[in-house]
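**Q**
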Amino acid sequence: MRIGVLGLGSIASRVAEDLAARGHELLVTERSRVRSAALARAFDTVRVGSPQSVASECGLLFLGVTGKAAESALAPLDFPAGLPVVSFMADIEDDDLRGLIAPAKLEATMIPFPWIARTRSPILVFPGTPVLESLFGGRHDVIALPDRDTLGEYLTAQAAVSPALKLAETAATWLGAGTGDADGAERFLRLLIGSALMARSESGELGLADMLKDLNTPGGYNQRLRTHMEDAGAFDALVAGMDILRTGGAGDLGSSG
Ligand SMILES: NC(=O)c1ccc[n+]([C@@H]2O[C@H](COP(=O)([O-])OP(=O)(O)OC[C@H]3O[C@@H](n4cnc5c(N)ncnc54)[C@H](OP(=O)(O)O)[C@@H]3O)[C@@H](O)[C@H]2O)c1
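Everything in the sequence shown is counted per this note's numbering, starting at 145 for the first residue and increasing by one.
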């Protein structure tokens, strides 16, 4: 089945790369020329076409434009009746999108993450659908959510990845400044934090609470630093920030993505 990708921005280009690397035939829009040309150069199975050809010559269509650009990108196009459409847009109401793509069908909203072409990664979908499970299920962890509200909760919590990375980057910078070896510092902290998060006990994954307990030696480095940050309000600020995002005050902390 040929897969169309309309809007080849930072997230759609990574999904396209992941699919192309696994041999899927893709038709992508030309706009964002550096990305579309690079994909077509790298993969024999990727062709570049006009938005209308992408909309009408594929068996499945991914939408990678932003919610803001959706109306100007989609309203001029004619969509085949029943064409399954998967949207990456978290920032548009489903009913508005359905109106723009009719008589095509909104199959699902899918939230991928930018490292999808590099490693196994989670993908949020609502609703779960066999087509996404068969395209991504072997390589990635497809997490099908039961309703729109739950997708909203997950979208909010996923924003914790940026402060988590910032924490790791801050520690790596601090270590690199002290040792004079920035690369070694970053490598060590990535290995340490990554391996901790992926550690498994014999009965399955180790819970985060169990790992925190293991790192809670009284008076030890980990306990002292965590307590320092708790006292400084760092974790309360994280929860307050997620509450603000979830209750619709997203403008206070930046918009989508
Ligand atoms: N970034 C993430 O990690 C992430 C993850 C999951 C979901 N999302 C969601 O995915 C959506 C896209 O995000 P993004 O970060 O990838 O945005 P982005 O980098 O700005 O990509 C949007 C793309 O759409 C293109 N475009 C705009 N109008 C078009 C048209 N008429 N025809 C064809 N292409 C058109 C833009 O081209 P120009 O640059 O030339 O305008 C750009 O390449 C957003 O709704 C976002 O919330 C993002």
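We put the CB at the ideal spot given by N, CA and C, even for glycine.
My guess is that ALA248 and PHE223 are in contact by the Cβ rule of under 8 Å, so how many angstroms apart are they, rounded?
**A** Indexing the sequence shown from 1 puts residue 248 at position 104. Indexing the sequence shown from 1 puts residue 223 at position 79. Right, their Cβ atoms sit about 4 Å apart.
**Q** Taking all protein chains shown into account, do 16 or more other C-beta atoms lie within 10 angstroms of the C-beta of PRO256, making it buried, or fewer, making it exposed?
**A** Mapped onto the sequence shown, residue 256 falls at position 112. Classified as buried, PRO256 has 16 or more neighbouring CB atoms from the shown chains inside 10 Å of its CB.
**Q** Pair every Cβ in the stretch 151-164 with every Cβ in the stretch 199-218, then say whether three or more of these pairs are closer than 8 Å.
**A** yes
**Q** DSSP on GLY148, reduced to helix/strand/coil?
**A** The residue given as residue 148 occupies position 4 in the sequence shown. DSSP places GLY148 in strand when its eight states are reduced to three.
**Q** Extract the residue ranges of the beta strand (DSSP E) inside the stretch 210-241, only unbroken runs of 3 or more that lie entirely within it.
**A** 228-231
**Q** Cutting at 6 Å between CB atoms, please list the residues of its own chain near ARG191, excluding the five before and the five after it.
**A** Counting from 1 along the sequence shown, the entry for residue 191 is found at position 47. So the list reads LEU171, once near-sequence residues are dropped.
**Q** Once you ignore the five residues that flank THR323 on each side, which residues in its own chain have a CB closer than 8 Å to its CB?
**A** Within the sequence shown, the letter at position 179 stands for residue 323. Same-chain partners within the cutoff: ALA329.
**Q** To which residues of the same chain is VAL286 closer than 7 Å at the C-beta, ignoring the five residues directly before and after it?
**A** Walking along the sequence shown from the start, residue 286 turns up at place 142. In chain order, ILE267, VAL269, LEU276, GLU277, PHE280 place their CB closer than 7 Å to the CB of VAL286, counting only its own chain and leaving out the 5 sequence neighbours on each side.
**Q** Run through DSSP, which three-state label would GLU349 get?
**A** To locate residue 349, count along the sequence shown from 1; it is residue 205. Here GLU349 sits in strand by DSSP.
**Q** Might you give, ordered along the chain, the residues of its own chain that have their beta carbon closer than 7 Å to the beta carbon of THR317, omitting 5 neighbours on each side?
**A** Here residue 317 is taken as the residue at index 173 of the sequence shown, counted from 1. Once the five neighbours on either side are set aside, THR317 has no close Cβ partner at all.
**Q** How would you label ARG177, buried or exposed, when you count the other beta carbons within 10 angstroms and need 16 or more for buried?
**A** Taking the sequence shown and counting its residues from 1, the one referred to as residue 177 is at position 33. Flag for ARG177 reads exposed.
**Q** Where does GLU313 land, buried or exposed, given buried means 16+ other C-beta within 10 angstroms?
**A** Locating residue 313 in the sequence shown gives position 169, where the first residue counts as 1. If you draw a 10 Å sphere on the C-beta of GLU313, you find fewer than 16 other C-beta atoms in it, and that means exposed.
**Q** Could you check whether the Cβ of THR263 sits closer than 7 Å to any heavy atom belonging to ligand 1?
**A** Against the sequence shown, residue 263 aligns to sequence position 119. For ligand 1, not one heavy atom lies less than 7 Å from the Cβ of THR263.
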